[in-house]
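If you read the sequences in order, they're chains A and B. The first sequence runs 876 to 1189 under the numbering used here. The second sequence runs 102 to 416 under the numbering used here. C-beta atoms are modelled at their ideal positions from N, C-alpha and C, and glycine is treated no differently. Notes follow the structure.
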Amino acid sequence: MNQEGILRHSATRLLGLIPTLLVLITIAFFLIRMAPGGPFDSEKVLPPEIRANLDAKYHLDEPLMQQYFRYLGQIITLDFGPSFQYKDWTVNELIARGFPVSLTVGGLAMLLAFLVGTSIGITAALRQNTAMDYSIMGVAMLGISIPNFVVAPLLILVLAVYQGWLPAGGWDWSIQRMILPVVTLALPVIAYIARLTRGSMIEVLHSNYIRTARAKGLPGHLVIRRHALKPALLPVISFMGPATAGLITGSVVIERIYSIPGLGSYFVQGALNRDYTLVMGVVIFYGVIIILLNFIVDLLYAWMNPKIRYDEVQ
Amino acid sequence: MNSPADMQIADPQVAKTELEDPFAAAMAGQDVRGRSLWVDAWHRLLKNKAAVISGIIMFIMLLLVIVGPLLSPWEGDFTDWDNTASPPNFETGHWFGTDAVGRDILVRTLEGGRISLLVGLVATLVSLAIGVTYGAVAGYYGGFTDRIMMRMVDIIYALPFMFFVILLMVVFGRHIVLIFVAIGAVNWLDMARIVRGQTLGLKNTEFVEAAVACGVDHKAIIRRHIIPNLLGVVMVYVTLTIPQVILVESFLSFLGLGVQEPMSSWGALVNDGAQDMESAPWTLVFPATFLTVTLYCFNYIGDGMRDALDPKDRA
């Protein structure tokens, strides 16, 4: 792929991110403001003077549109403002604290899912329509069908409570505490990737150039590794975008079940407490990550797929 | 997308099934036109054992969920103080055991199933209505309208939609109707894209051109050629959307953001069960099994329908 084409394409795509982000921020902002109740509603009623002071401090007394534009201006400087619930914390600090944890769990889960998913997908494709294929695909379907929040308690019950092999939850950056959350989070993604890989691998194995490679007398494993693997992985690459979004969503549940202090648990807490700035911050932060990852996946896909030439697009 | 060369060598399974298909028998029948698409698809579906078995299980599940609570001696919210947190026991009549306050798990599971399945169905219909209308309008008008409408879909697509469902639930309270709408309102994007693509493609197919050339009027073309071809894909998508929606609802209920007591759903029951699982694992295992079996079956039925109705699009 030529350099200029890729640059031009990247520039267009990056510009295209701006309206997406604007929509994201706008929807999130107005949605959360429509919620009945505010961040300072609690059991004890605040004296009106204090309430007024609080509202003024956080600019809640201004007209909504003014608050909206104020927030937009703030976002441009990458400042998500102070959290309403976690006193003395800014949203940036909370994200900086929670995200590394979520990223570790999510990143490891993605890695695991990619390695295991593609391997068993290829295994099934090479033994298409055998008992092995059917059982792998049956298990994969089960992986798609069992929700994370069912797998997690069952794993805790069996591996932590009954067997006592692994801790049931908590977080201290140790491998033992990472195993269960990472595996739970990865399972459905493994299943999807296995199904995708199997399907595309079967298709690739029936193509002419693979037949040619075989006819030349190339050993089977070399045919797979040198010729079939790359095109067969293309659908998996383009699935990485949605998979990331899925992992992030899944992490909300996983972090809750395993009591992991990641960004997902902050989000749920923030939503329940109407911590406007925190919820907005997390939504925008994750939105940007998903959008950027989709963008990277696109470039990766183009780089791997010889059929795509951005410079030749009419 | 793949090159045309790749497309031709799809799964050999398809070619084989098509050869075995009683084309000749169908041709011998009187109403050749009516049979071709649906009867063919139906035959292919019936050959898919996984889909057929799943269909039967889902039918039984539906019956159980609808009729079961009526036959049970227990009410869903009845608290049997003599048997709190008791394991499954046929003598007391609590076949699946009871939860911490003595409610019968079997009845709770079946009643939760009603809500879960209802949400699955209604929210899917909401997304179907929005998606088909949106997609058909975009595909039909084409040009500038289409570009703007699909650009909007692209934008919304990039948003972390689960967070929006959570936001919607928080903002508008946890009423069951809102669950339908909230889930449906974020789930229509795929449907819109697919319907738009189909409509665009169908407008220019040879058989539509042929029909035009034969002098068939537009209404008949839409009814006989466009809609049936659209319906197949839409039906497949509906079947695949239902389990997704059930999953989203359970997810919300699990977080405590879905249906509220005394109503229940499988997700809410799994949440309750997960909290008591060390002392009373049956409160977790039974609802979790029902939920999983349902999702499993729907996915198999959807897969089977996709293979049957839409042999070209298989991966």
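- Nearest CB-CB separation between Met159 (chain B) and chain A: not below the 8 angstroms threshold.
- Of all alpha-carbon atoms in B:Gly236, B:Asp200, B:Met162 and B:Leu172, the one lying nearest the alpha-carbon of Leu219 (chain B) is that of B:Met162.
- A check of alpha carbon separations from Gly981 (chain A) across A:Val966, A:Ile995, A:Tyr943 and A:Ile1164 identifies A:Ile1164 as the nearest.
- Exposed is the label assigned to Cys315 (chain B), since fewer than 16 other Cβ atoms lie within 10 Å of its Cβ.
- Within a 10 Å sphere around the beta-carbon of Gly302 (chain B) sit fewer than 16 other beta-carbons, which makes this residue exposed.
- Membership of Asp377 (chain B) in the alpha helix (DSSP H) is indicated by the continuous run Trp367 to Asp377.
- Sequence-ordered contacts of the stretch 229-242 of chain B with chain A are nonexistent [C-beta pairs closer than 9 angstroms].
- When only Cα atoms are considered, His326 (chain B) and Asp936 (chain A) end up about 59 angstroms apart.
- Note on geometry: alpha-carbon atoms of Gln299 (chain B) and Leu921 (chain A) lie some 58 angstroms from one another.
- When secondary structure is reduced to three states using DSSP, Asn1148 (chain A) falls in the helix class.
- The three-state reading of DSSP puts Asn190 (chain B) in strand, counting E and B together.
- DSSP places Gly1125 (chain A) in the uninterrupted alpha helix (DSSP H) bounded by Leu1104 to Ile1132.
- Residue nearest to Gly169 (chain B) within the set B:Trp139, B:Ile206 and B:Val153 is B:Ile206 (criterion: CA-CA distance).
- Going by C-alpha positions, Pro363 (chain B) is about 17 angstroms away from Val166 (chain B).
- Setting aside the 5 residues that flank it on each side, Met1076 (chain A) is surrounded in the same chain by Gly996, Ile997, Ala1000, Leu1001, Ala1103 and Ala1107, each with a C-beta closer than 8 angstroms to its C-beta; the list follows chain order.
- When Cβ-Cβ separations below 8 angstroms define contact, Leu396 (chain B) makes contact with chain A.
- Residues of the stretch 369-385 of chain B with a C-beta less than 7 angstroms from any C-beta of chain A: Val371, Ala375, Met378, Glu379, Pro382 and Leu385, listed in chain order.
- Any Cβ of chain B closer than 8 angstroms to the Cβ of Met1016 (chain A) would place that residue at the interface, and such an atom is present.
- Straight-line spacing of the CA atoms in Gly244 (chain B) and Leu410 (chain B) works out to 29 angstroms.
- Taking C-beta separations shorter than 8 angstroms and ignoring five residues to either side along the sequence, the partners of Ile1123 (chain A) in its chain run Ser977, Gly981, Gly1139, Tyr1161, Ile1164 and Ile1165, following chain order.
- For Ala1146 (chain A), the residues of chain B that pass the 7 angstroms Cβ criterion are Ile267, Leu268 and Val271, in the order they occur in the chain.
- Judged by DSSP in its simplified three-state form, Thr965 (chain A) adopts strand.
- Taken through DSSP and simplified to helix, strand or coil, Asp408 (chain B) comes out as helix.
- Under the 10 Å beta carbon count, Leu986 (chain A) is surrounded by fewer than 16 other beta carbons and is classified as exposed.
- Cβ-Cβ separation between Val337 (chain B) and Asn288 (chain B): approximately 15 angstroms, too far for a contact (criterion under 8 angstroms).
- Note on Ala1069 (chain A): 16 or more other CB atoms within 10 angstroms of its CB, so buried under the neighbour-count rule.
- Just so you know, the alpha carbons of Glu1130 (chain A) and Val1143 (chain A) end up roughly 10 angstroms apart.
- In this structure, Met251 (chain B) sits away from Cys398 (chain B), with a CB-CB distance that is not shorter than 8 angstroms.
- Proximity to Ile1135 (chain A) across A:Gly1121, A:Gly948 and A:Thr979 peaks at A:Thr979, based on C-alpha coordinates.
- Around the beta carbon of Asp1150 (chain A), 16 or more other beta carbons sit within 10 angstroms, so the residue counts as buried.
- Taking C-beta atoms as the reference points, Gly1018 (chain A) and Pro975 (chain A) fail to come closer than 8 angstroms.
- A residue is called buried when at least 16 other Cβ atoms come within 10 angstroms of its Cβ; Arg1086 (chain A) does not meet this threshold and is exposed.
- A distance of 8 angstroms or more separates the beta carbons of Val254 (chain B) and Ala286 (chain B).
- Excluding its 5 nearest sequence neighbours in each direction, Ile343 (chain B) has C-beta neighbours in its own chain below 6 angstroms: Gly221, Thr225 and Phe399, listed in chain order.
- Excluding its 5 nearest sequence neighbours in each direction, Asn149 (chain B) has C-beta neighbours in its own chain below 6 angstroms: Gly405, listed in chain order.
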